[in-house]
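According to the working numbering, the stretch in the sequence shown is residues 1 to 398, in order.
Right, one structure below, let's go through it.
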Amino acid sequence: MKFLAVTYGLPYPLSEGCKIRDHSLLRAIAQEAEVHLLSFCKDDRFPSDLGPLPSFCRSVETYSPPAGRPATALPAHLAAGRPLATFPFYFPDFADRISELAQSHQVDVVQLEHSFLAPYLTAIPPACIRIQSLHNIGERQYASMARMKRTSPAAWLKAMAMRNWEAAWTRRFDGVIAVSEAEAEWVRRQAPQPPVCVIPNGVDCGSLQPLPEPEAGNDLLFIGTLGYPPNADAVRWLVDAILPRVRTQVPDVRLVVVGRNPGADLRSLAETGAFELHPDVPEILPYYRRCRLSLVPLRAGGGTRLKILEAMALQRPVVSTSIGCEGLAVSQGEQLMIGDTPEALSGQIVSVLTNQVLRQSLVRNARHFVELNHDWPALGRRQCAFYNQLMANHRSAA
Numbered sequence: 001m002k003f004l005a006v007t008y009g010l011p012y013p014l015s016e017g018c019k020i021r022d023h024s025l026l027r028a029i030a031q032e033a034e035v036h037l038l039s040f041c042k043d044d045r046f047p048s049d050l051g052p053l054p055s056f057c058r059s060v061e062t063y064s065p066p067a068g069r070p071a072t073a074l075p076a077h078l079a080a081g082r083p084l085a086t087f088p089f090y091f092p093d094f095a096d097r098i099s100e101l102a103q104s105h106q107v108d109v110v111q112l113e114h115s116f117l118a119p120y121l122t123a124i125p126p127a128c129i130r131i132q133s134l135h136n137i138g139e140r141q142y143a144s145m146a147r148m149k150r151t152s153p154a155a156w157l158k159a160m161a162m163r164n165w166e167a168a169w170t171r172r173f174d175g176v177i178a179v180s181e182a183e184a185e186w187v188r189r190q191a192p193q194p195p196v197c198v199i200p201n202g203v204d205c206g207s208l209q210p211l212p213e214p215e216a217g218n219d220l221l222f223i224g225t226l227g228y229p230p231n232a233d234a235v236r237w238l239v240d241a242i243l244p245r246v247r248t249q250v251p252d253v254r255l256v257v258v259g260r261n262p263g264a265d266l267r268s269l270a271e272t273g274a275f276e277l278h279p280d281v282p283e284i285l286p287y288y289r290r291c292r293l294s295l296v297p298l299r300a301g302g303g304t305r306l307k308i309l310e311a312m313a314l315q316r317p318v319v320s321t322s323i324g325c326e327g328l329a330v331s332q333g334e335q336l337m338i339g340d341t342p343e344a345l346s347g348q349i350v351s352v353l354t355n356q357v358l359r360q361s362l363v364r365n366a367r368h369f370v371e372l373n374h375d376w377p378a379l380g381r382r383q384c385a386f387y388n389q390l391m392a393n394h395r396s397a398a
């Protein structure tokens, strides 16, 4: 099988969840297929470091869109039936390159990552299996952000618009990859035609070995891109509503926040001593080593959380909201602790910090859970099996 992945951003360095997912699955798929990679690099316009990608991809190519695109191109974009939201991501010469690569490498499967690359579907040669990979469902993501803000009608309008065009484009593909069963159900309701395969987020259990407990301290770890509004909200919620309650019972607790692109408000808050901020770190393991548990107090968002799986693999206890662990087949008190109010979350944090037997039970169960359900090599094999089945169906229908 020959496979062309079209990604938003080069999946290296592994600085955020979508890059980790793309990189890890490509590496796993390369064990069974010839992999070619084409990356749309809108933010990192001229990436020079490809890291290990050439070691498992037969070819790696990046595309940097021209700066200052004129608004006069918008009418033609809309006239072609493409959604307004995808205008910043659609460039005819990138579409041409997808078609050229698919034909020159004689690929069998072309996969577009993220819904805003969906209009490039029309560039894929008809002989190829066309796959849409949804890292999250835009409607679900923006609806949860609207519920968080409550006073912002713009988020609700965006959620409704996303539902309409995501559904319309998704149903045109030959197959869909979803990150959770909940998001797969959305696809089956809104776009019932294409088959859906659930490929959850994962970890490399072989490289992420369990860490010993820290010898001292009660440091709490939050990891996430801080330019993403739900993550920034989670940090503020921790500082304002949750940690003061925890400190009444565990006075030496300290919050350690690791994440790129913090806003000025979070930087200012960190300068007051409310938490320890590390915005640009080359290696995350030292922070896991020093922290006693990992926090995921999200009140909005979509997809599934790589940070939870990573903490579980490293045997760090996790305390999360229901939204934070949405899409993972976990149970309260088994693999992690869950709370959705400041009172409940603070109580769960205190329970984990003060109960060693509970900590040991949680991390043992959690490590077994990720080994069984979320190891990248096994997920890659499942994804290849999905492609092979679609290819077989395509041949039999021809």
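Note that the Cβ used here is the ideal one computed from N, Cα and C, for glycine as well.
At the level of alpha carbons, what is the spacing between Arg-289 and Val-256?
Cα to Cα, Arg-289 sits roughly 12 Å from Val-256.
Identity of the residues DSSP links to Gly-175 by a beta bridge
Gly-175 pairs with Ile-131.
Give me the residue from Ala-366, Thr-72, Pro-230, Val-109 with the minimum Cα distance to Pro-210.
Cα-wise, what sits closest to Pro-210 is Ala-366.
Leaving out five residues on either side along the sequence, give the residues of the same chain with a beta carbon under 6 Å from the beta carbon of Thr-86.
Phe-116, Pro-119.
At least 3 beta-carbon pairs within less than 8 Å: the segment 189 to 198 vs the segment 165 to 174:
The segment 189 to 198, when compared against the segment 165 to 174, does touch it at the 8 Å Cβ threshold.
Look at the alpha carbon of Met-391 and the alpha carbon of Asp-108, and state the distance between them as a whole number of angstroms.
Rounded to the nearest whole angstrom, the C-alpha separation of Met-391 and Asp-108 is 8 Å.
Same chain only: Cβ atoms within 8 Å of Arg-82, ignoring 5 sequence neighbours per side:
Tyr-90, Pro-119, listed in sequence order.
At which residues does the beta strand (DSSP E) containing Arg-305 begin and terminate?
Note, Arg-305: premise wrong, no beta strand (DSSP E); not H, not E.
Residues that DSSP places opposite Asp-96 in a beta bridge
Partner(s): none; Asp-96 has no beta bridge.
Check whether Leu-220 and Val-258 have beta carbons under 9 Å apart:
Going by C-beta atoms, Leu-220 is not nearer than 9 Å to Val-258.
Is it the case that the Cβ atoms of Leu-285 and Arg-305 are separated by a distance below 9 Å?
No, Cβ-Cβ distance for Leu-285 and Arg-305 is not below 9 Å.
Which word fits Ser-24, buried or exposed, when buried means at least 16 other C-beta atoms lie within 10 angstroms of its C-beta?
When all chains shown are included, Ser-24 counts as buried.
Do the segment 258 to 269 and the segment 330 to 342 make contact, defined as three or more Cβ pairs closer than 8 Å?
With fewer than three CB-CB distances shorter than 8 Å, the segment 258 to 269 does not count as touching the segment 330 to 342.
CB-CB length for Ala-313 against Val-198, believed under 8 Å:
About 20 Å separates the Cβ atoms of Ala-313 and Val-198, ruling out a contact at the 8 Å cut-off.
Strictly by DSSP, which residues pair up with Ala-216?
Its beta-bridge partners do not exist; DSSP assigns none.
According to the neighbour-count rule (16 or more other Cβ atoms, all chains shown, within 10 Å of its Cβ), is Ile-271 buried or exposed?
The sequence shown places Glu at residue 271, rather than the Ile named in the question. With fewer than 16 Cβ atoms within 10 Å of its Cβ, Glu-271 is classed as exposed.
Below 6 Å CB to CB, which residues in the same chain sit around Glu-283 once its five sequence neighbours on both sides are set aside?
Contacts found: none.
Which of the three DSSP states, helix, strand or coil, is assigned to Ala-5?
DSSP places Ala-5 in strand when its eight states are reduced to three.
Thinking Val-352 and Leu-293 are a contact (beta carbons under 8 Å), I'd like their distance in whole angstroms, please.
Contact check for Val-352 and Leu-293: beta-carbon distance about 5 Å, within the 8 Å limit, so the pair qualifies.
Leu-208 and Glu-310 look like a contact to me (Cβ under 8 Å); what is the Cβ gap, rounded to whole Å?
The pair is a contact, with the Cβ atoms about 7 Å apart (cut-off 8 Å).
C-beta atoms of Leu-101 and Ser-59 nearer than 9 Å:
The Cβ atoms of Leu-101 and Ser-59 lie closer than 9 Å to each other.
Closer than 8 Å by C-beta to Val-363: which residues in its own chain qualify, once you throw out the five before and the five after it? Chain order, please.
Excluding sequence neighbours, Val-363 sits near Pro-210, Met-312, Gln-315, Arg-316, Pro-317.
Quick one: grab the DSSP three-state call for Gln-389.
Residue state, collapsed to three classes: helix.
Among Val-179, Leu-345, Ala-33, nearest to His-374 - alpha-carbon criterion
The option with the nearest alpha carbon to His-374 is Val-179.
Just to confirm, are Ala-300 and Pro-229 a CB contact at a threshold of 9 Å?
A contact, by the Cβ cut-off of 9 Å.
Are the CB atoms of Arg-236 and Asp-265 within a distance shorter than 9 Å?
For the pair Asp-265 and Arg-236, the CB atoms are nearer than the 9 Å cut-off.
Supposed contact pair Val-350 and Gln-249 - C-beta distance, whole angstroms, cut 8 Å:
Going by Cβ atoms, the distance from Gln-249 to Val-350 rounds to 5 Å, so yes, they are a contact pair.
Using the DSSP secondary-structure output, state which residues sit across from Asp-375 in a beta bridge.
Bridge partners of Asp-375: Val-203.
Going by Cα to Cα distance, which pick from Val-281, Asp-93, Gly-273 is closest to Thr-62?
Of the candidates Val-281, Asp-93, Gly-273, the one whose C-alpha sits nearest the C-alpha of Thr-62 is Asp-93.
Cβ distance (whole Å) where Ser-320 is taken to contact Pro-297 below 8 Å
Confirmed, about 7 Å.
Measure the C-alpha to C-alpha separation of Leu-84 and Thr-72 and round it to an integer number of angstroms.
Taking the straight line from one Cα to the other gives about 13 Å.
Quick one: is Pro-75 buried, meaning 16 or more other Cβ sit within 10 Å of its Cβ, or exposed?
With fewer than 16 other Cβ atoms within 10 Å, it is exposed.
Between His-114 and chain C, is any beta-carbon pair separated by less than 9 Å?
Of the protein chains in this structure there is only one, and it is not chain C.
Taking just the CA atoms, how far does Gly-227 sit from Ala-234?
Rounded to whole angstroms, the separation of the alpha carbons of Gly-227 and Ala-234 is 12 Å.
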